[in-house]
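Novice:
Numbering (the numbering used here), first residue to last: 212 to 716.
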């Protein structure tokens, strides 16, 4: 891609379209079960050479390499930030089974299938197998909307989506070293690669993470830092960790993951700030990558359609079912629950980014690896990403009227109404407040509602990690996990007409 004025204008327009589209699609995607990622792939198709011809992105485009590298850094960093090491330790058996048989066995099994069915060289088959074993947390979150899945199953999927990419990346990098060497690389090359992956990269990430947290705490304690700026600060930490590791000859990707683990472990408040604000920024960058891939590269998967390729796709989508059914038999899950977990493994951007490393590493079969991974992602987004929509249609009787939402009433001055977002978190906020009134409920407003004889329920919706950091709660409040807020309130018999006031700090 040549950067001239017209290209710059087109890129600004593309970024604007992604931000606007991401904001507008968030609500409809959650309510209808429509896979939002499919919309951005189609947007790329419209803008690409098969549509308006405004953007033409090829696999060897340097801009695609920059954006893909940034996206993989953000994917790994976000995985680490959402990972709770205490939760992993408490559920180490489940984590080991999910990541051992569930991820590694699936990766090597799929590599064998690719080598046998698709006649790929062994190195390319291993890279493809590792790439398509990666599950996508963004598509997964859409699949889980309204699924009614028990908390332990949610936990299993959260552990897998948070850790599988960091397990699969070294497999891809080591296989790529063999492919570039055209055989077994020298002992020095292997040692250098292993040091880069497992020593220099993580150490650089740990150093940057620790230094960044201490610096922020110093400034925060003395001057204060707004939460939205803390979230952007965290994204800066990810990029700094990547750059530091690459400058030292280490793996910037593993450095980003290590930095995320350090931040999430040392500073719970900073981690929560990222999850509140920064994660949205990161996801916008990932959606931008989807649009770029949707202009042309991902549709290369349609060019490799054939009996062997379709059989391979079916194996990719179904291989987890028997593995999970057998491997998770000792953790107290029913066969149905284990099979359900096996199905909830959508492929998405992580698979494409890992496959693109083969092209960026000049692997002879790199483009074919990307095409096959693209076919897997397209089918997965359509079938697994569209699963909530199919489930919703199956549950809604034919001809049944659509649910009617109550028309909003304009509140009186200072009055609050309860708001229940699709995420399940509940908070009381003022709707169209009069000028000068605070946007959040303060103690005086809380006492005012109580003095009127209205039932006010104060709930603590801090994340589990924040709650464990300090279990001190407001007097009379109810502890409600944010991802199960509605169900918990119903279980405690909170009437629907009560005021529900939530706090999360």
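Ideal Cβ placement from N, Cα and C applies to all residues, glycine included.
1. Of the choices 273, 582, 428 and 475, whose alpha-carbon is the least far from that of residue 293?
2. Output the distance between the C-alpha atoms of residue 527 and residue 347, rounded to the nearest integer angstrom.
3. Using CA coordinates, which residue listed in 712, 232, 266 and 285 is at the minimum distance from residue 205?
4. When you compare each of 389, 490, 515 and 521 to residue 438 by their alpha carbons, which one comes out closest?
5. How would you label residue 655, buried or exposed, when you count the other beta carbons within 10 angstroms and need 16 or more for buried?
6. For the beta strand (DSSP E) that residue 668 lies in, which residues bound it at each end?
7. Between residue 512 and the rest of its own chain, which residues show a CB-CB distance below 8 Å, the 5 nearest in sequence each way excluded?
8. Just mark residue 546 as buried or exposed, buried being the case when its beta carbon has 16 or more other beta carbons within 10 Å.
9. Drop a sphere of 10 angstroms on the beta-carbon of residue 223, count the other beta-carbons inside from all chains shown, and report buried for 16 or more, exposed for fewer.
10. Could you check if residue 673 is buried or exposed, using at least 16 other CB atoms within 10 Å of its CB as the buried criterion?
11. Looking at the unbroken alpha helix (DSSP H) that takes in residue 565, where does it start and where does it end?
12. By the DSSP assignment, the alpha helix (DSSP H) with residue 453 in it spans what residues?
13. Would you say residue 670 and residue 712 are within 9 Å of each other, going by their C-beta atoms?
14. Give me the Cα-Cα distance between residue 416 and residue 666, rounded to the nearest whole angstrom.
15. Assign residue 663 to one of three DSSP states: helix, strand, or coil.
16. Give me the DSSP bridge partner(s) of residue 711.
17. Would the region 253 to 267 count as touching the region 442 to 449 if we require 3 or more Cβ pairs under 8 Å?
18. Closest to residue 576 by C-alpha separation, out of 312, 323, 258 and 339, would be which residue?
19. My guess is that residue 290 and residue 430 are in contact by the Cβ rule of under 8 Å, so how many angstroms apart are they, rounded?
20. Roughly how many angstroms separate the alpha carbons of residue 462 and residue 700, rounded to a whole number?
21. Cβ atoms of residue 258 and residue 383: under 9 Å apart, would you say?
22. Does the distance from the CB of residue 329 to the CB of residue 523 come in under 9 Å?
23. With a 10 Å radius around its C-beta and 16 neighbouring C-beta atoms as the bar for buried, classify residue 217 as buried or exposed.
24. Could you pull out every residue in the same chain whose Cβ sits closer than 8 Å to the Cβ of residue 400, ignoring the five residues on either side in sequence?
25. Is it true that the CB of residue 374 sits closer than 9 Å to the CB of residue 544?
26. Classify residue 689 as helix, strand or coil using the three-state DSSP reduction.
27. Which residue wins for smallest C-alpha separation from residue 372, given the options 288, 297 and 334?
28. Please report the distance separating the alpha-carbon of residue 706 from that of residue 668.
29. Could you tell me the alpha carbon to alpha carbon distance between residue 503 and residue 229, rounded to whole angstroms?
30. Go through its chain and collect everything with a Cβ distance to residue 413's Cβ below 6 Å, but skip five positions before and after it.
31. Just to confirm before moving on: does the CB-CB distance between residue 281 and residue 496 stay below 9 Å?
32. Quick check: the Cα distance between residue 324 and residue 559, rounded to an integer number of angstroms?
33. Whose C-alpha, out of 563, 542 and 361, is nearest the C-alpha of residue 302?
34. Whose C-alpha, out of 563, 537 and 562, is nearest the C-alpha of residue 551?
35. With DSSP as the reference, label residue 555 as helix, strand or coil.
Specialist: Reading it off the structure:
1. The option with the nearest alpha carbon to residue 293 is 475.
2. About 14 Å.
3. Nothing can be reported for residue 205, as the shown portion of the chain is limited to 212 through 716.
4. That would be 490, whose Cα lies nearest to the Cα of residue 438.
5. Exposed, since its Cβ has fewer than 16 Cβ neighbours within 10 Å.
6. Looking at the DSSP string, the run of the beta strand (DSSP E) that includes residue 668 is 667 to 671.
7. Cβ neighbours of residue 512 beyond the five flanking positions: 582, 583, 584, 585, 586, 587, 588 and 589.
8. Residue 546 should be labelled exposed.
9. Exposed, because fewer than 16 other Cβ atoms sit within 10 Å of the Cβ of residue 223.
10. Of the other Cβ atoms in all chains shown, 16 or more fall within 10 Å of the Cβ of residue 673; this residue is therefore buried.
11. Start and end: 560 to 571.
12. Taken as a continuous stretch (DSSP letters only), the alpha helix (DSSP H) holding residue 453 covers 438 to 458.
13. Contact flag set, yes.
14. Between the alpha carbons of residue 416 and residue 666 lies a gap of roughly 49 Å.
15. DSSP, read as helix, strand or coil, puts residue 663 in coil.
16. 668.
17. Judged by pairs of C-beta atoms under 8 Å, the region 253 to 267 does not touch the region 442 to 449, as fewer than three such pairs exist.
18. It is 339.
19. About 27 Å separates the Cβ atoms of residue 290 and residue 430, ruling out a contact at the 8 Å cut-off.
20. Distance between the alpha carbons of residue 462 and residue 700 is about 46 Å.
21. No, they are not a contact pair.
22. Judged by their CB atoms, residue 329 and residue 523 are nearer to each other than the 9 Å cut-off.
23. With fewer than 16 Cβ atoms within 10 Å of its Cβ, residue 217 is classed as exposed.
24. Exclusion of the five residues before and after residue 400 leaves 388 and 392 as the residues of its chain whose Cβ lies within less than 8 Å of its Cβ.
25. In this structure, residue 374 does not lie closer than 9 Å to residue 544 by Cβ.
26. Residue 689 carries a strand assignment under DSSP once its states are collapsed to helix, strand and coil.
27. Ranking the options by Cα distance to residue 372, first place goes to 288.
28. C-alpha separation (whole angstroms): 10 Å.
29. Whole-angstrom Cα-Cα distance: 10 Å.
30. Excluding positions up to five away in sequence, the list reads 465 and 469.
31. Going by beta carbons, residue 281 and residue 496 fall inside the 9 Å limit.
32. Note on geometry: alpha-carbon atoms of residue 324 and residue 559 lie some 20 Å from one another.
33. It is 542.
34. Relative to the Cα of residue 551, the nearest Cα in the group 563, 537 and 562 belongs to 537.
35. Secondary structure at residue 555: coil, using DSSP grouped into helix, strand and coil.
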